[in-house]
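Numbering (our numbering), first residue to last: 11 to 216. What follows is one structure encoded as structure tokens, with my remarks underneath.
Below, the structure written as structure tokens:
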């Protein structure tokens, strides 16, 4: 009986150890990544970004590798990230050192082949992007799909950020539909009053 219990405890401990080891092995901490990438973001004409509107404006993102860095990667992923002031009291945007749990950068910009000479991409702001202050971050991804280096336009998520202004939520087609319905409603109401007036006059005549 005692030997069976001991064997069971050893089995449980082994499984738990393997689970923790697997979890740790798959974990990538942002604080451990070398800041080997140089990232910039501007308007397509090269001017600094102040305010941009979703569904209308685009931003030009450029990246390169620090000349002294050695980065073993196959892909380069750029992401749109919340600035610190747009994370306050918003747990769904919270920063976590574990990149699997981190919610700072919820919006993908582009995934490109990695090159030491760098690259660039033009990103049109999606209408689904909420209004907030943002910066751009880049990750170098290795053949196993793990982040191995990073860089961002704002070193502290405070300076060098830009404001995204959301769309009002109404499109031209919606405005047209509202106008048609309004005209129909007024016409129907006017027709009802005419019908009622004629009906009352006929009733009095009888």
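C-beta: ideal position from N, C-alpha, C; glycine also.
Among the residues of its own chain, which have a CB less than 8 Å from the CB of residue i, if the five just before and after it don't count?
i, result
"residue 184", "Note that residue 184 scores a pLDDT of 49, beneath 50, so its modelled location is shaky; the value from the coordinates is reported in the next line. Excluding residues within five positions, none has a Cβ falling inside 8 Å."
"residue 96", "103, 142, 143, 144"
"residue 170", "145, 163, 164"
"residue 139", "64, 90, 117, 174, 176"
"residue 73", "47, 48, 49, 50, 86, 88, 128, 129, 130, 148, 161"
Can you tell me the Cα-Cα spacing of residue i and residue j, whole angstroms?
i, j, result
"residue 77", "residue 114", "27 Å"
"residue 35", "residue 123", "With a pLDDT of 47 at residue 35, under the threshold of 50, the modelled position of that residue is not reliable, and the figure given next carries that caveat. Distance between the alpha carbons of residue 35 and residue 123 is about 25 Å."
"residue 56", "residue 132", "11 Å"
"residue 59", "residue 166", "17 Å"
"residue 62", "residue 172", "8 Å"
"residue 129", "residue 155", "19 Å"
"residue 66", "residue 108", "34 Å"
"residue 98", "residue 42", "24 Å"
Is residue i near residue j, with beta carbons less than 8 Å apart?
i, j, result
"residue 47", "residue 75", "yes"
"residue 110", "residue 37", "yes"
"residue 137", "residue 68", "no"
"residue 153", "residue 84", "yes"
"residue 53", "residue 150", "no"
"residue 161", "residue 49", "yes"
Given residue i, which residues of its chain have a CB within under 7 Å of its CB, disregarding the five upstream and five downstream residues?
i, result
"residue 112", "40, 105, 106"
"residue 44", "79, 159"
"residue 92", "103, 114, 142, 144"
"residue 100", "none"
Are the C-beta of residue i and some C-beta of chain D separated by less than 8 Å?
i, result
"residue 82", "Reference to chain D is not applicable here, since this structure consists of a single protein chain."
Which residues in the same chain as residue i place their Cβ atom closer than 6 Å to its Cβ, once the five residues preceding and following it in sequence are excluded?
i, result
"residue 126", "75"
"residue 168", "94"
"residue 120", "88, 131"
"residue 182", "Caution applies to residue 182, whose pLDDT of 44 falls short of 50 and renders its modelled position unreliable; the model cannot decide the point."
Give me whichever residues DSSP pairs with residue i in a beta bridge.
i, result
"residue 73", "49, 129"
"residue 171", "For residue 171, which the question treats as bridged, DSSP gives no partner whatsoever."
"residue 136", "In the DSSP output, where bridge partners are listed per residue, residue 136 has none listed."
"residue 64", "Note: residue 64 sits in no beta bridge, so no partner."
"residue 42", "Paired residues: none, contrary to the question."
Tell me whether residue i counts as near the ligand SAH, meaning its Cβ is closer than 7 Å to at least one heavy atom of that ligand.
i, result
"residue 136", "Only the bare structure without any ligand can be found here, which leaves the ligand SAH out of the picture."
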